[in-house]
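Undergrad: Each residue of the sequence shown is one higher than the one before, counting from 1 in UniProt numbering. Dropping the structure in here first, questions after.
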Amino acid sequence: MLAKANRLRNRRHFVGVYRQGVRHETAHLTLRALGPKIPHSQIPHRPSHPTQIGIVIGKKVDKRAVYRNRIKRQMRAKLRQLLPKIQRGWQLVLIVRPNVQSCNSDQFLRELEQLLVQAEVLNGN
Numbered sequence: 001m002l003a004k005a006n007r008l009r010n011r012r013h014f015v016g017v018y019r020q021g022v023r024h025e026t027a028h029l030t031l032r033a034l035g036p037k038i039p040h041s042q043i044p045h046r047p048s049h050p051t052q053i054g055i056v057i058g059k060k061v062d063k064r065a066v067y068r069n070r071i072k073r074q075m076r077a078k079l080r081q082l083l084p085k086i087q088r089g090w091q092l093v094l095i096v097r098p099n100v101q102s103c104n105s106d107q108f109l110r111e112l113e114q115l116l117v118q119a120e121v122l123n124g125n
């Protein structure tokens with residue numbers, strides 16, 4: 001599980017990322033990324049907001065919740081490893097495509113990292 005500060009939790013935030021975020025795609029994943037917003041009242045030396053991440057996986061991927069939850073667990077584990085490298089202040093929504101069943105988990109997780117690099121979200125690669 002990601003830390004509470006690193007999760008997108010309500011519909012309003014997801015919709016905001018869908019509407020304003022930039023889309024990047026691979027064969028099995030789609031990433032919607034919304035860059036950091038700095039409030040006018042923020043003091044320059046105060047740390048920015050943490051990165052927030054949401055994962056969307058629909059029933060079209062598989063009707064069995066066990067399978068969908070396994071994919072989410074794998075993604076969260078990989079994201080926990082990458083979180084120190086991800087720039088602060090981003091809002092990310094990862095969408096799993098239905099054709100994910102055709103690839104193995106290693107390939108799928110490589111695509112996840114590739115998407116983050118493509119979106120220029122990772123710091124020092």
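Here a beta-carbon is modelled for each residue, glycine too, at the ideal position from N, C-alpha and C. Note that this is a predicted model, so its numbers are computed, not measured.
#1: Report all residues from its chain with a CB closer than 8 Å to the CB of Val61; omit the five preceding and five following residues, and keep chain order.
#2: With DSSP run on the structure shown, which of helix, strand or coil describes Arg97?
#3: Are the beta-carbon atoms of Val93 and Val17 separated by less than 7 Å?
#4: Whole angstroms is fine: what's the gap from Ala5's alpha carbon to Asn104's?
#5: Verify the CB distance criterion: does His49 have a CB-CB separation below 7 Å to chain D?
TA: So, from the listed chains and residues:
#1: Within the sequence shown, residue 61 is the residue found at index 61, counting from 1. Take Val61, set aside five residues on each side of it, and the residues of its chain with a beta-carbon closer than 8 Å to its own are Tyr67, Arg68, Ile71, Val96, Arg97, Pro98, Val100 and Gln101, in chain order.
#2: Within the sequence shown, residue 97 is the residue found at index 97, counting from 1. In this structure, Arg97 counts as coil in the three-state DSSP scheme.
#3: Within the sequence shown, numbered from 1, the residue matching residue 93 stands at position 93. Within the sequence shown, numbered from 1, the residue matching residue 17 stands at position 17. Yes, Cβ-Cβ distance for Val93 and Val17 is below 7 Å.
#4: By one-based count along the sequence shown, residue 5 stands at place 5. By one-based count along the sequence shown, residue 104 stands at place 104. C-alpha separation (whole angstroms): 30 Å.
#5: Chain labels in this structure do not include chain D; a single protein chain is all it has.
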